[in-house]
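The structure under discussion appears below in the form of structure tokens.
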Amino acid sequence: MRSRSHLMEEKGNGVLHILQSIHVYALMLSVPQMIEGCPPFSMKQEIEVAKAYVANERPPFSASQKLYAHGLRELIEDCWEEQPSKRLTFQRIIIRLEEISRILLHRRRWKACALNFFQKLKAILKFDHSNSKSRSSRPTV
Numbered sequence: 003m004r005s006r007s008h009l010m011e012e013k014g015n016g017v018l019h020i021l022q023s024i025h026v027y028a029l030m031l032s033v034p035q036m037i038e039g040c041p042p043f044s045m046k047q048e049i050e051v052a053k054a055y056v057a058n059e060r061p062p063f064s065a066s067q068k069l070y071a072h073g074l075r076e077l078i079e080d081c082w083e084e085q086p087s088k089r090l091t092f093q094r095i096i097i098r099l100e101e102i103s104r105i106l107l108h109r110r111r112w113k114a115c116a117l118n119f120f121q122k123l124k125a126i127l128k129f130d131h132s133n134s135k136s137r138s139s140r141p142t143v
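When the letters of the sequence shown are read in order and numbered with my numbering, they come out as residues 3 to 143.
Here you go:
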């Protein structure tokens with residue numbers, strides 16, 4: 003394990019930032035793999051994959067946009083910036099994930115409210131329909 007003084011030395015040289023950006027890039031390579039169920043560049047041969055990374059190519063998104071939560075694809079792309087200094091920090095990734103989560107929660111609430119409304123409307127219509135049938139089947143005096 004490295005000492006704190008060694009980490010401070012690395013931080014002073016900018017190495018710590020570069021290491022973090024490498025970890026950010028690697029982490030965000032695994033997110034599409036989890037969503038899509040296949041590794042990046044899965045259609046390429048191993049040597050072609052290595053060449054693609056050397057050429058700064060980014061893996062294509064194979065899955066539908068619907069499988070990526072609102073803003074997740076853009077977050078991944080921001081973490082794949084070619085220049086390591088432009089990649090997001092883990093702190094910024096957390097903030098963006100919280101924003102995505104908040105948006106999804108808001109949408110779920112709206113969907114839940116709309117669903118609840120339509121279920122109540124359906125119940126009212128069924129009740130009204132059954133009442134109109136019972137009224138029409140009664141003998142008139």
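Note that CB positions come from ideal geometry on N, CA and C, so glycine has one too.
No experiment lies behind these values; they were computed from the predicted model shown.
1) I need the DSSP call for TYR27, collapsed to helix, strand or coil.
2) Using the rule of at least 16 other Cβ atoms within 10 Å of the residue's Cβ for burial, across every protein chain shown, is VAL26 buried or exposed?
3) Rounding to the nearest angstrom, what Cα-Cα distance links GLU84 and ARG109 in this structure?
4) Please work out which residues of its chain come closer than 8 Å, Cβ to Cβ, to THR91, disregarding the five sequence neighbours upstream and downstream, and give them in chain order.
5) Quick one: what's got a C-beta closer than 8 Å to ARG60's C-beta in the same chain, skipping five residues either side?
6) Can the beta-carbon of LEU77 be found less than 7 Å from the beta-carbon of ARG98?
7) Can you say whether MET2 is buried or exposed, counting buried as having 16 or more other CB atoms within 10 angstroms of its CB?
8) What three-state label does DSSP hand ALA71 in the structure shown?
9) Go ahead and label LEU74 buried or exposed: buried means 16 or more other beta carbons lie within 10 angstroms of its beta carbon, across all protein chains shown.
10) Relative to the C-alpha of GLN145, which residue among CYS115, PRO34, ILE126 and LYS124 is closest?
11) Ends of the alpha helix (DSSP H) at GLU84?
Taking the coordinates as given:
1) Here residue 27 is taken as the residue at index 25 of the sequence shown, counted from 1. TYR27 falls in the helix class under three-state DSSP.
2) Position 24 of the sequence shown, counting from 1, holds the residue named residue 26. VAL26 should be labelled buried.
3) For this step, residue 84 is matched to residue 82 along the sequence shown. For this step, residue 109 is matched to residue 107 along the sequence shown. Answer to the nearest angstrom: the Cα atoms are 33 Å apart.
4) As a working mapping, residue 91 is identified with position 89 in the sequence shown. Closer than 8 Å at Cβ, skipping near neighbours: GLN22 and VAL26.
5) Along the sequence shown, one-based indexing puts residue 60 at 58. Closer than 8 Å at Cβ, skipping near neighbours: GLU79 and TRP82.
6) Here residue 77 refers to the residue found at position 75 of the sequence shown. Here residue 98 refers to the residue found at position 96 of the sequence shown. Yes, they are a contact pair.
7) Look at the range of the chain in this structure, 3 to 143, and you will see that residue 2 is not part of it.
8) Translated into positions along the sequence shown, residue 71 becomes position 69. ALA71 carries a coil assignment under DSSP once its states are collapsed to helix, strand and coil.
9) If you number the sequence shown from 1, residue 74 lands on position 72. The C-beta of LEU74 has 16 or more other C-beta atoms within 10 Å across all chains shown, which makes the residue buried.
10) The structure shown has nothing for residue 145, since the chain only spans 3 to 143.
11) Counting from 1 along the sequence shown, the entry for residue 84 is found at position 82. No alpha helix (DSSP H) holds GLU84; DSSP gives it neither H nor E.
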